[in-house]
Amino acid sequence: MLWKTAIRHLSGKGKSAKLQVFIFHRVLPETDELMAGEPSIKEFDWMVRFIADAYTVLTFGDAVSRLQSGTLPPGCACITFDDGYQNNATLAAPTLKKYGVPGTFFIATAYLDRQRMWNDKVIEAVRQMPDGEFDRTPYGLAPCQLGSGVTRAECISQLLDALKYLPHGQRSELSQSLTNAAGIGESYDTMMTPIEVRTLRNSGMEIGAHTHTHPILSGLPDNVAEAELARSKDELEAILGEPITSFAYPNGNTSRDLSLQHVAMAKKLGFRAAATTDWGIATMHTDPFLIPRFTPWDRTPRRFALRCALAMGKPFKLTNDATA
Ligand SMILES: [Zn+2]
């Protein structure tokens with residue numbers, strides 16, 4: 482109640498209202514040392530309990546529309562998820578329902594139904610590799626000794642950094658070669674199925690687009706980038722039978738991963754709002770196609786709440802290198 486009073490007071494309302502958009506990717510069954518930034522379901526539960534108690538939670542599309550029209554109630558937040566992980570449907574959504582709040586799920590459509598994104602291929606391949614020498618020269622890195630010289634988490638972090646900004650096709654090939662080297666099969670249960678997407682929508686959640694194959698848009702020719710946006714919108718509309726009007730840019734850092742022509746594409750294709758991964762709090766003056774997001778990294782409820790209140794009290798814009 483104390484936090485609710487503080488956040489409502491700090492956020493303002495109507496034309497001076499501020500909007501906090503939380504960003505998540507995976508919600509894990511339990512803490513995973515190879516994905517240290519991702520909350521376990523236990524942590525996610527207290528986060529959502531706090532958010533539901535302290536804020537008025539709206540879907541992303543609804544909140545941005547009301548922010549623009551100057552009709553946002555005080556203390557509003559959105560809870561968003563990028564990429565389309567199956568644990569969003571099996572773990573996150575039941576938690577949102579438990580506390581009576583909606584979420585917005587941005588889906589990269591190429592991975593629906595048993596596919597896996599390049600970064601997850603890297604993580605799961607390194608998880609499966611035996612201890613000992615790992616020749617990383619094909620990936621532009623020095624060989625390393627798994628299990629003694631370098632931890633698996635460090636090895637993964639170095640591989641993700643080495644591959645992230647390679648041309649999209651090369652990044653896909655190299656992550657697939659790692660999967661093959663680790664002897665992992667071709668069918669995964671990492672991402673949601675189209676039926677799970679439909680079930681989420683039918684339970685009052687918003688579904689947004691996140692491109693088809695999750696490329697970094699700034700590395701693509703314009704026609705290819707536009708086709709990526711259009712395909713994810715078209716496929717989700719075919720699954721749900723309704724317009725998709727919210728979008729999140731892959732990787733989403735405005736200083737590196739997208740530029741104004743991608744904003745123009747999103748508008749042209751009929752989206753009405755779009756989210757970046759820049760850290761910040763939105764106001765009425767924020768471009769609705771460049772809505773920043775912010776989730777405190779704290780893993781204790783009190784510190785998490787304090788950082789939310791501080792963010793609302795002093796809107797800021799920082800770039801963030803940590804999100805995918
Ligand atoms: Zn993403």
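Numbering-wise, the sequence shown is residues 482 to 805 according to the numbering used here. Heads up, the beta-carbon is just placed ideally off N, CA and C, and yes, glycines get one too. It should be emphasised that the depicted structure is a prediction, and the values quoted were computed from it without experimental measurement.
Residue i CB to nearest heavy atom of ligand 1 below 8 Å
{"i": "Asn569", "result": "no"}
{"i": "Ala690", "result": "no"}
{"i": "Gly621", "result": "no"}
{"i": "Asn704", "result": "no"}
{"i": "Pro773", "result": "no"}
{"i": "His426", "result": "Given a span of 482 to 805 for the chain in the structure shown, any question on residue 426 remains unanswerable."}
{"i": "Pro731", "result": "yes"}
{"i": "His695", "result": "yes"}
{"i": "Ala517", "result": "no"}
{"i": "Phe503", "result": "no"}
{"i": "His506", "result": "yes"}
{"i": "Phe525", "result": "no"}
{"i": "Ala589", "result": "yes"}
{"i": "Asp440", "result": "Here the chain has residues from 482 to 805 only, and residue 440 is not among them."}
Range covered by the alpha helix (DSSP H) that runs through residue i
{"i": "Val603", "result": "Trp599 to Gln609"}
{"i": "Val502", "result": "Val502 -> not in any alpha helix (DSSP H); beta strand (DSSP E) instead, spanning Leu500 to Phe505."}
{"i": "Phe785", "result": "Pro782 to Gly794"}
{"i": "Leu760", "result": "Reading off the sequence, residue 760 comes out as Trp, not Leu. From DSSP, Trp760 is part of no alpha helix (DSSP H) but of the beta strand (DSSP E) over Ala754 to Gly761."}
{"i": "Ile488", "result": "Leu483 to Ser492"}
{"i": "Glu707", "result": "Asp703 to Leu721"}
{"i": "Glu519", "result": "Premise fails: Glu519 is in no alpha helix (DSSP H) and is neither H nor E."}
{"i": "Ile637", "result": "Arg633 to Lys645"}
{"i": "Ala574", "result": "Ala574 to Lys579"}
{"i": "Ala745", "result": "Leu741 to Lys749"}
Sequence-distant residues of the same chain with beta carbon closer than 8 Å to residue i, five excluded per side
{"i": "Thr735", "result": "Thr757, Asp759, Leu771 and Thr800"}
{"i": "Ala786", "result": "Trp484, Phe531 and Ala535"}
{"i": "Val538", "result": "Ile532, Cys557, Ala558, Cys559, Ile560, Val582 and Pro583"}
{"i": "Tyr566", "result": "His506, Arg507, Val508, Thr671, Met672 and Met673"}
{"i": "Arg489", "result": "Pro555 and Gly556"}
{"i": "Met686", "result": "Thr540, Ala574, Leu577, Pro583, Gly584, Thr585 and Phe586"}
9 Å Cβ cutoff met for residue i and residue j
{"i": "Ile665", "j": "Leu515", "result": "no"}
{"i": "Thr671", "j": "Arg597", "result": "yes"}
{"i": "Leu572", "j": "Ala498", "result": "no"}
{"i": "Thr585", "j": "Gly542", "result": "yes"}
{"i": "Arg774", "j": "Gly761", "result": "yes"}
{"i": "Pro510", "j": "Asn569", "result": "no"}
{"i": "Val545", "j": "Pro702", "result": "no"}
{"i": "Ser699", "j": "Asp738", "result": "yes"}
{"i": "His691", "j": "Ile604", "result": "no"}
{"i": "Ile688", "j": "Tyr646", "result": "no"}
{"i": "Pro777", "j": "Ala763", "result": "no"}
{"i": "Met746", "j": "Glu707", "result": "yes"}
Close-in-space but distant-in-sequence residues of the same chain around residue i (CB under 6 Å, 5 per side omitted)
{"i": "Thr590", "result": "His693, Ser713 and Glu716"}
{"i": "Phe615", "result": "Cys625 and Leu627"}
{"i": "Gly722", "result": "none"}
Residue i, enclosing beta strand (DSSP E) - first and last residue
{"i": "Gln626", "result": "Cys625 to Leu627"}
{"i": "Arg595", "result": "That residue, Arg595, is in no beta strand (DSSP E); it is neither H nor E in DSSP."}
{"i": "Ser653", "result": "Premise fails: Ser653 lies in the alpha helix (DSSP H), His649 to Ala662, not in any beta strand (DSSP E)."}
{"i": "Thr682", "result": "Residue 682 is actually Arg in this sequence, not Thr. Not the beta strand (DSSP E): Arg682 falls in the alpha helix (DSSP H), residues Pro675 to Asn683."}
{"i": "Thr540", "result": "No beta strand (DSSP E) contains Thr540, which DSSP labels as neither H nor E."}
{"i": "Thr585", "result": "Thr585 to Ile588"}
{"i": "Pro555", "result": "Note, Pro555: premise wrong, no beta strand (DSSP E); not H, not E."}
{"i": "Pro731", "result": "Run containing Pro731: none; DSSP gives neither H nor E here."}
{"i": "Arg737", "result": "Premise fails: Arg737 is in no beta strand (DSSP E) and is neither H nor E."}
{"i": "Phe770", "result": "Phe770 -> no beta strand (DSSP E), and no H or E assigned at all."}
Neighbourhood of residue i by C-beta distance below 7 Å, restricted to the same chain and skipping five residues each side
{"i": "Leu750", "result": "Leu710, Ala711 and Lys714"}
{"i": "Arg720", "result": "For clarity, residue 720 is Ile in the given sequence; the question names Arg instead. The answer, listed in chain order, is Pro675, Val678 and Arg679."}
{"i": "Arg633", "result": "Leu515, Val607, Arg608 and Leu627"}
{"i": "Thr512", "result": "Ser521"}
{"i": "Lys602", "result": "Ser656, Gln657, Leu659 and Thr660"}
{"i": "Asp563", "result": "Ile504, His506, Phe587, His691 and Ala729"}
* Please confirm if the stretch 571-580 is in contact with the stretch 619-627, defined as three or more CB-CB distances below 8 Å between the two stretches. => no
* At least 3 beta-carbon pairs within less than 8 Å: the stretch 558-570 vs the stretch 500-508 -> yes
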